[in-house]
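Here is the structure we will look at.
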Amino acid sequence: MDQFFIDGGKPLKGGVKISGSKNAALPILIATLLTDEVCVIENVPVLLRDIRTTFQLLESLGKKVISQNSRVTVKPQASLKTHAPYDLVKQMRASVLVAGPLLARFGVVRVPIPGGCSIGLRPIDIHLNGFKALGARELVDQGDIILSSRELSPGRVRLKFPSVGATENLMMAAAALNGETIIENAAREPEIEDLGRFLISLGAKVKGLGHSRISVLGKPVLHGARYSVIADRLEAGTFMIAAAATQGHVELLGADPTHLKDPIAKLRACGVKIKTGLRKITVISNGKALKPISIKTGPYPEFPTDLQALWMTLMCLSAGKSEVEETIFENRFLHAAELLRMGASISVHGNHARIFGVKKLIGAPIMASDIRGGAALLVAALAAEGHSVLQRVYHIDRGYEKIEDKLSALGALIRRANDSRKISPSS
Ligand code: EPZ
2 MDQFFIDGGK PLKGGVKISG SKNAALPILI ATLLTDEVCV IENVPVLLRD IRTTFQLLES
62 LGKKVISQNS RVTVKPQASL KTHAPYDLVK QMRASVLVAG PLLARFGVVR VPIPGGCSIG
122 LRPIDIHLNG FKALGARELV DQGDIILSSR ELSPGRVRLK FPSVGATENL MMAAAALNGE
182 TIIENAAREP EIEDLGRFLI SLGAKVKGLG HSRISVLGKP VLHGARYSVI ADRLEAGTFM
242 IAAAATQGHV ELLGADPTHL KDPIAKLRAC GVKIKTGLRK ITVISNGKAL KPISIKTGPY
302 PEFPTDLQAL WMTLMCLSAG KSEVEETIFE NRFLHAAELL RMGASISVHG NHARIFGVKK
362 LIGAPIMASD IRGGAALLVA ALAAEGHSVL QRVYHIDRGY EKIEDKLSAL GALIRRANDS
422 RKISPSS
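Position in the sequence shown (from 1) plus 1 gives the number in my numbering.
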């Protein structure tokens, strides 16, 4: 298993190109199941493990996927199957998104129940209730959910919580139905808007993107399209926080500041200077101690749960006491115990964490347990004094393309070991 060797304490300096968004690319690739024509998707972060798993998933269902740099072509190859294989679903929960397009097109779909993961139980009841509101029946067999409907019909669905995945699943189903479906209390994340724009490019009519009431006017036959995925706001947020934590000066190229309004406001409140432009964010540290700023995660446009762990790392380095409240996932503080091993002072009570800033973090052997918690530990190691070994890097590889190469180019001393790929210059 790969690990990172990191010698911390060097400010990150320079420019970094932000990749295409993983969480936008995943549903967009899956939405190609809605058409029998060719789709060309640009700006896909093709090196990510979850994107590779999505290619395998599409191929297992009958598509042919050709990827060249960040351009992915999805073509029809065989008649589509309606049973997603367990081996792929267990690797990536987002596989459940195949349910919407396949159920709407073929009247039946069989998907293994994804199960929980290290950040929480993650049920799919909101997805299922949405399909049932459109006329589907549900049956559980051998750990799979079988959804079927003689005729799924467009209609009105109200989500009990603005779930990102459920909104996407229902939007995709609605795009293949003849008529208008309204999704109320829909998620408003930029990735939802990106999926909506892709569905429009396939021929559906989608209104209300970015709002909590989305209308999709679908049609049974959608055409192929060429589309470019938005930049990854979570990768951009990670580099912003890494720059602030290491007292650096970093320019994020391609990042969209309008997708990161709350994190940018919070960083400014800490005393970090941030300049924004069209597809560019520059983070400039002022050399002074960071002010402690508390956050509470929430559905977009509130503070993203995916940057919560990173914020905790930053607050470990602030001059005072702050609080972090996680409201989206029930178990997303696993990184806190690892930060303690680096000299942090954190107490956790349920979904609240209290952080007392320390003068410095100290390098240590540490272990990632999920994508963003792993990234938070990586940033802690970059900011810490001394040497760290970060294990279970495969979690980070699910969400960040060539992160050690991007960090090395910014001056970080980081090296991957046990890797078949070329190793970046050693510290
Ligand atoms: C998406 O997950 C993202 N994944 C996650 O990013 C992100 O953390 C999350 O949205 C929240 O923003 C992808 O886009 C592939 P949800 P998703 O459905 O769709 C509960 C990362 O690090 N819930 O909005 O699974 C659920 O348990 C990943 O890149 C139900 O109870 O998120 C959770 O507590 C991790 N029933 C909350 O809602 C349901 O049917 C939010 O889940 C669905 C969700």
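Ideal placement from N, C-alpha and C gives every residue a C-beta, glycine not left out.
Quantities reported herein were computed from a predicted structural model and do not represent experimental measurements.
1) Measure the CB-CB distance between Gly219 and Ala177 and report whether it falls below 7 angstroms.
2) Quick check on the burial criterion: 16 or more other C-beta atoms within 10 angstroms. Buried or exposed for Ile215?
3) To the nearest angstrom, report how far apart Val141 and Ile125 are at their CA atoms.
4) Write down the C-beta distance between Lys1 and Gly412 rounded to the nearest angstrom, noting that I regard them as a contact closer than 8 angstroms.
5) I need the straight-line Cα distance from Leu431 to Val99, nearest angstrom please.
6) Taking all protein chains shown into account, do 16 or more other C-beta atoms lie within 10 angstroms of the C-beta of Leu30, making it buried, or fewer, making it exposed?
7) By Cβ distance, which residues of its chain are closer than 6 angstroms to Leu129, with the 5 residues on each side in sequence left out?
8) Say yes only if the C-beta of Asp126 is nearer than 6 angstroms to one or more non-hydrogen atoms of ligand 1, and no if none qualify.
9) Can you name, in chain order, every residue of its own chain whose Cβ lies under 8 angstroms from the Cβ of Gly180, other than the five neighbours on each side?
10) Strictly under 7 angstroms for the Cβ-Cβ distance: is Arg53 near chain D by that measure?
11) Inspect the beta-carbon positions of Thr277 and Pro302 and report whether they are closer than 7 angstroms.
12) In terms of residue numbering, what span does the beta strand (DSSP E) encompassing Leu414 cover?
13) Taking all protein chains shown into account, do 16 or more other C-beta atoms lie within 10 angstroms of the C-beta of Pro366, making it buried, or fewer, making it exposed?
14) Label Pro426 either buried or exposed according to how many other C-beta atoms from any shown protein chain fall within 10 Å of its C-beta, with 16 as the threshold for buried.
15) Who does Arg111 pair with in a DSSP beta bridge?
16) Between the Cα of Ser389 and those of Ala418, Asp406, Asp398 and Ile372, spot the shortest distance and give me the residue it belongs to.
17) What did DSSP end up calling His434 once you bin it into helix, strand or coil?
18) Please check the pair Leu308 and Ile242, which I expect to be a contact at CB under 8 angstroms, by giving their CB distance rounded to whole angstroms.
19) Nearest-angstrom Cα distance between Glu152 and Met2?
20) Roughly how many angstroms separate the alpha carbons of Leu315 and Phe6, rounded to a whole number?
21) Quick test of the definition: if touching needs 3 or more C-beta pairs under 8 angstroms, does the segment 11-27 touch the segment 44-56?
22) With distances taken between CB atoms, is the gap from Thr329 to Gly344 smaller than 7 angstroms?
23) Cutting at 6 angstroms between CB atoms, please list the residues of its own chain near Leu235, excluding the five before and the five after it.
24) Ligand 1 and Ser164: does any heavy atom of the ligand fall closer than 6 angstroms to the residue's C-beta?
25) Could you have a look at Met313 and say whether DSSP puts it in helix, strand or coil?
26) What's the call for Arg269, buried or exposed, on a 16-neighbour Cβ count within 10 Å?
27) Report back the beta-carbon spacing between Val230 and Glu43 to the nearest angstrom; my notes put them in contact at under 8 angstroms.
28) Give me the Cα-Cα distance between Ser319 and Trp312, rounded to the nearest whole angstrom.
29) Can you tell me the Cα-Cα spacing of Pro300 and Asn186, whole angstroms?
30) Using CA atoms only, rank isn't needed, just tell me which of Gly121, Ala105, Tyr87 and Ser323 is closest to Ile114.
31) Relative to the alpha-carbon of Gly197, which residue among Leu210, Phe304 and Val349 has its alpha-carbon at the smallest distance?
32) May I ask whether a heavy atom of ligand 1 can be found less than 6 angstroms away from the beta carbon of Thr306?
33) Helix or strand or just coil, what does DSSP make of Glu43?
34) Run through the DSSP bridge pairs and tell me what Thr33 is partnered with.
35) How big is the Cα-Cα spacing for Val460 and Pro264?
36) If you check the beta carbons only, do Thr247 and Leu383 fall under 7 angstroms apart?
In this structure, then:
1) Taking 7 angstroms as the Cβ cut-off, Gly219 and Ala177 qualify as a contacting pair.
2) Label assigned to Ile215: buried.
3) Spanning the alpha carbons of Val141 and Ile125 requires a straight line of approximately 13 angstroms.
4) Within the shown structure, residues of the chain are numbered from 2 to 428, placing residue 1 beyond reach of any answer.
5) In this structure the chain extends from 2 to 428, so residue 431 is not present and cannot be described.
6) By the Cβ-count criterion, Leu30 is buried, with 16 or more other Cβ atoms from all chains shown falling within 10 Å of its own Cβ.
7) Answer for Leu129: Glu139, listed in chain order.
8) Checking the Cβ of Asp126 against ligand 1 gives yes.
9) Apart from sequence neighbours up to five positions away, the residues of its chain that approach Gly180 with a beta-carbon distance below 8 angstroms are Ser154, Pro155, Leu218 and Gly219, ordered along the chain.
10) Note that chain D does not occur in the displayed structure, where there is just one protein chain.
11) Not a contact, by the Cβ cut-off of 7 angstroms.
12) Segment Leu414 to Ala418, the beta strand (DSSP E) holding Leu414.
13) For Pro366, the number of other beta carbons within 10 angstroms of its own is below 16, and it is reported as exposed.
14) With a pLDDT of 36 at Pro426, under the threshold of 50, the modelled position of that residue is not reliable, and no figure is offered here.
15) His84 and Ile147, per the DSSP bridge assignment.
16) Out of Ala418, Asp406, Asp398 and Ile372, the CA that lies nearest to the CA of Ser389 is found in Ala418.
17) The requested residue 434 is not part of the displayed model; the chain covers only 2 to 428.
18) Between Leu308 and Ile242 a beta carbon distance of about 7 angstroms is seen, short of the 8 angstroms cut, so the two are scored as contacting.
19) When rounded, the distance between both Cα atoms is 48 angstroms.
20) The straight-line gap from Cα to Cα measures roughly 20 angstroms.
21) Output reads yes: the segment 44-56 touches the segment 11-27.
22) Note on identity: in this sequence residue 329 is Ile, with Thr being the wrong assignment. No.
23) Closer than 6 angstroms at Cβ, skipping near neighbours: Asp307.
24) Yes, the Cβ of Ser164 comes within 6 angstroms of a heavy atom of ligand 1.
25) Secondary structure at Met313: helix, using DSSP grouped into helix, strand and coil.
26) Sixteen is the threshold: since fewer than 16 other Cβ atoms of the shown chains lie within 10 Å of the Cβ of Arg269, the residue is exposed.
27) Indeed, because the Cβ distance is near 7 angstroms, the residues count as touching under 8 angstroms.
28) Taking the straight line from one Cα to the other gives about 11 angstroms.
29) Going from the Cα of Pro300 to the Cα of Asn186 covers about 11 angstroms.
30) With respect to the C-alpha of Ile114, the residue from Gly121, Ala105, Tyr87 and Ser323 having the closest C-alpha is Tyr87.
31) The option with the nearest alpha carbon to Gly197 is Leu210.
32) Thr306: yes, Cβ under 6 angstroms from ligand 1.
33) Looking at Glu43 - three-state DSSP - the assignment turns out to be strand.
34) Among the bridge pairs identified by DSSP, Thr33 is matched with none.
35) A query on residue 460 cannot be resolved here, the shown segment of the chain reaching from 2 to 428 and no further.
36) For the 7 angstroms CB-CB criterion, Thr247 and Leu383 form a contact.
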